[in-house]
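Peer 1: Those protein sequence lines, which keep their order, are chains A and B. Using our numbering, read the first sequence as starting at 134 and increasing by one per residue. Using our numbering, read the second sequence as starting at 80 and increasing by one per residue. My structure is below; once you've seen it, I'll send some questions.
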Amino acid sequence: MLYHISREGQNYGPYTLDDLQRYVASGNVLLTDMARAEDGTEWVPVSQIVGTGTPPSVGMAGVPAPYPEVGVPGAIAPAGVYPDPPNLHWALVLVISIFTCGLFGVVWNFVQATWMRRVNPRSNALFFYIGYVVVSFGGSFLRVGMMAASGFRNHYTGIIGIPVTVIWFVLLELAFFDMKRSMEEHFNGPEPVGLTLSPVMTFFFGPLYFQYHMSRINEVKRMARYRGAAI
Amino acid sequence: MDADGQSWKGRQRLAHGAAASAVILLAAVWVWPGVAKLLPVCPIRVYLGVLCPGCGATHALLMLLHGHLRDAARFNALFVLLLPVALWFAGECYRRAVSMRKFEWPKIPAAAVYSLLAAGFVFGLLRNVA
């Protein structure tokens, strides 16, 4: 059976019972919201349909959920409100990164990972990025130090350079794939937009690929808000 | 104060900090040009042996800070051309971060962004071929 949800005069749905339970568990639908079966006429509180102790359930993704605003009367917590993803065109991120010797790219990785951790606290990408920065910049300083110690006569620093490069590369890829997992988890769960990310694109283009999807998701959210059925 | 207000205050502090850091860094480069040597080496140049579109940007900035426009263009002409746009973008980001309760990045038309990217690739290609 499908259900329509009403809040503050706005109607949402229809949703299956599984979706409804999931949205209640994530805080996107409140137990105090009103619900009506698709073939019925009577509006009843959501709590009468899903009960009061709804466990999180895994339902189908891709159905927009109501996106309560802060301060909606009866909202249990602003947990259902998620900050929008960083919104900068991926090509602009690339261009600025090129002209800042990659430094902007590193900063942007942190912007993305910090946002990810705010919306999905189980994301560990931020820690992998911190490890990557420590190892790569530490390795660079160590290499310059070794070169300086030899009076800049010995430029071969492969003994240090190769293991350091391998370590930061692994940390970087771990961060990329953790971001992928966290984004897919979030955008097929609390904010279901049916996101699927390619592992190949993640491996080679990581943050630029994520940025492409973040901008796309921002556009979807903006349009949904504009229509009054925000996700 | 609500969550938006707190995030706004934090963002304002971040924007002021970033602007102050940029000014200090530019002043340091102007006073002591050797600071440029501490910046990381371009990995594309190190590992692939070619000049990327951004190679020479630091030296170009250094030359501009000392008023040598021609030398700056010799190091990286595209960087010199795009610098006014970059300064506008940075200034606009700062203004928005400080004045807007809900931050939004400046909108640049997609066509302009792709043109910029294409110009970068063409410039990168030409400077290695020519």
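Even glycine gets a Cβ: it sits at the ideal position worked out from N, Cα and C.
Quick check: what's the CA-CA separation for residue 138 of chain A versus residue 181 of chain A?
Peer 2: Here the question's residue 138 of chain A lines up with position 5 in the first sequence. Here the question's residue 181 of chain A lines up with position 48 in the first sequence. Going by the C-alpha atoms only, they are around 13 Å apart.
Peer 1: Using the DSSP secondary-structure output, state which residues sit across from residue 149 of chain A in a beta bridge.
Peer 2: Within the first sequence, the letter at position 16 stands for residue 149 of chain A. The partner list for residue 149 of chain A (beta bridge, DSSP) reads A:135.
Peer 1: Within 7 Å (strictly less), CB to CB, does residue 225 of chain A reach chain B?
Peer 2: Working through the first sequence from its first residue, we reach residue 225 of chain A at position 92. Output row for residue 225 of chain A: interface = yes.
Peer 1: Tell me the DSSP secondary structure of residue 179 of chain B in three-state form.
Peer 2: Within the second sequence, residue 179 of chain B is the residue found at index 100, counting from 1. It is coil, neither helix nor strand.
Peer 1: Please report the distance separating the alpha-carbon of residue 336 of chain A from that of residue 310 of chain A.
Peer 2: Locating residue 336 of chain A in the first sequence gives position 203, counting from the first residue. Locating residue 310 of chain A in the first sequence gives position 177, counting from the first residue. Computed Cα separation, rounded: 8 Å.
Peer 1: With DSSP as the reference, please indicate the residues paired to residue 144 of chain A in a beta bridge.
Peer 2: As a position in the first sequence, residue 144 of chain A is number 11, starting the count at 1. Paired residues: A:139.
Peer 1: Determine, for residue 221 of chain A, whether the minimum Cβ-Cβ distance to residues of chain B falls below 7 Å.
Peer 2: In the first sequence, residue 221 of chain A corresponds to position 88, counting from 1. It does: the Cβ of residue 221 of chain A has a partner Cβ on chain B nearer than 7 Å.
Peer 1: Listed in chain order, which residues of the region 176-193 of chain B have Cβ atoms closer than 8 Å to some Cβ of chain A?
Peer 2: Residues passing the 8 Å Cβ filter: 183, 184, 187, 189, 192, 193.
Peer 1: Counting only Cβ-Cβ distances shorter than 8 Å, please list the residues of the region 128-161 of chain B near chain A, keeping chain order.
Peer 2: 131, 132, 133, 136, 137, 158, 161
Peer 1: Could you tell me which residues DSSP pairs with residue 325 of chain A in its beta bridges?
Peer 2: Here residue 325 of chain A refers to the residue found at position 192 of the first sequence. Answer is none; residue 325 of chain A lacks a bridge partner.
Peer 1: By Cβ distance below 8 Å, which residues in the same chain neighbour residue 99 of chain B in space, the five residues on each side in sequence not counted?
Peer 2: Numbered from 1 along the second sequence, position 20 holds the residue referred to as residue 99 of chain B. The beta carbon of residue 99 of chain B is closer than 8 Å to none in its chain, skipping five residues each way along the sequence.
Peer 1: Residue range of the alpha helix (DSSP H) that residue 170 of chain A falls in?
Peer 2: The count along the first sequence starts at 1 and reaches residue 170 of chain A at position 37. Careful: residue 170 of chain A lies outside any alpha helix (DSSP H), inside the beta strand (DSSP E) at 167-170.
Peer 1: Taking only beta-carbon positions, decide if residue 199 of chain B is within less than 7 Å of chain A.
Peer 2: Translated into the one-based positions of the second sequence, residue 199 of chain B becomes position 120. Yes, residue 199 of chain B counts as interfacial toward chain A.
Peer 1: When Cβ atoms are compared, which residues of the region 226-243 of chain A fall closer than 9 Å to chain B?
Peer 2: 227, 228, 229, 230, 231, 232, 233, 234, 235, 236
Peer 1: Do we get a CB-CB distance below 7 Å when we pair residue 93 of chain B with the residues of chain A?
Peer 2: Taking the second sequence and counting its residues from 1, one reaches residue 93 of chain B at position 14. No, its Cβ sits nowhere closer than 7 Å to a Cβ of chain A.
Peer 1: Can you tell me which of the three DSSP states residue 129 of chain B falls into?
Peer 2: Sequence index remark: in the second sequence, residue 129 of chain B carries index 50 (1-based). Residue state, collapsed to three classes: coil.
Peer 1: For residue 121 of chain B, decide whether its Cβ has a neighbour in chain A, counting only Cβ atoms nearer than 7 Å.
Peer 2: As a position in the second sequence, residue 121 of chain B is number 42, starting the count at 1. Yes - at least one Cβ of chain A is within 7 Å of the one on residue 121 of chain B.
Peer 1: Run through DSSP, which three-state label would residue 164 of chain B get?
Peer 2: Stepping through the second sequence from its first residue, residue 164 of chain B is reached at position 85. Of the three classes helix, strand and coil, the one that applies to residue 164 of chain B here is helix, per DSSP.
Peer 1: So which residues of chain A does residue 166 of chain B contact, with C-beta pairs closer than 9 Å?
Peer 2: Translated into the one-based positions of the second sequence, residue 166 of chain B becomes position 87. Within chain A, no residue comes near residue 166 of chain B; the closest Cβ sits about 12 Å away, beyond 9 Å.
Peer 1: Any beta carbon of chain A sitting closer than 7 Å to that of residue 205 of chain B?
Peer 2: Locating residue 205 of chain B in the second sequence gives position 126, counting from the first residue. Interface annotation, residue 205 of chain B: not in contact with chain A, CB-CB separation never under 7 Å.
Peer 1: Does residue 195 of chain B come within less than 7 Å of chain A when only Cβ atoms are used?
Peer 2: Counting from one through the second sequence, the residue named residue 195 of chain B turns up at place 116. With 7 Å as the cut-off, residue 195 of chain B counts as an interface residue toward chain A.
Peer 1: Using only alpha-carbon positions, find the residue among A:226, A:136, A:158 that is nearest to residue 167 of chain A.
Peer 2: Stepping through the first sequence from its first residue, residue 167 of chain A is reached at position 34. Looking at the Cα atoms, A:136 is the closest of the given residues.
Peer 1: Bridge partners for residue 178 of chain A per DSSP, in chain order?
Peer 2: Position 45 of the first sequence, counted from the start, is the residue given in the question as residue 178 of chain A. A:167.
Peer 1: Measuring only the C-alpha atoms, how far is residue 108 of chain B from residue 138 of chain B?
Peer 2: Along the second sequence, read from residue 1 onward, the residue named residue 108 of chain B stands at position 29. Along the second sequence, read from residue 1 onward, the residue named residue 138 of chain B stands at position 59. Each residue's Cα considered, the two are about 10 Å apart.
Peer 1: For residue 217 of chain A, does the three-state DSSP call read helix, strand or coil?
Peer 2: The residue labelled residue 217 of chain A in the question sits at position 84 within the first sequence. The answer is coil: DSSP assigns residue 217 of chain A none of H, G, I, E or B.
Peer 1: With H, G and I counted as helix, E and B as strand and the rest as coil, what does DSSP make of residue 172 of chain B?
Peer 2: Here residue 172 of chain B is taken as the residue at index 93 of the second sequence, counted from 1. Here residue 172 of chain B sits in helix by DSSP.
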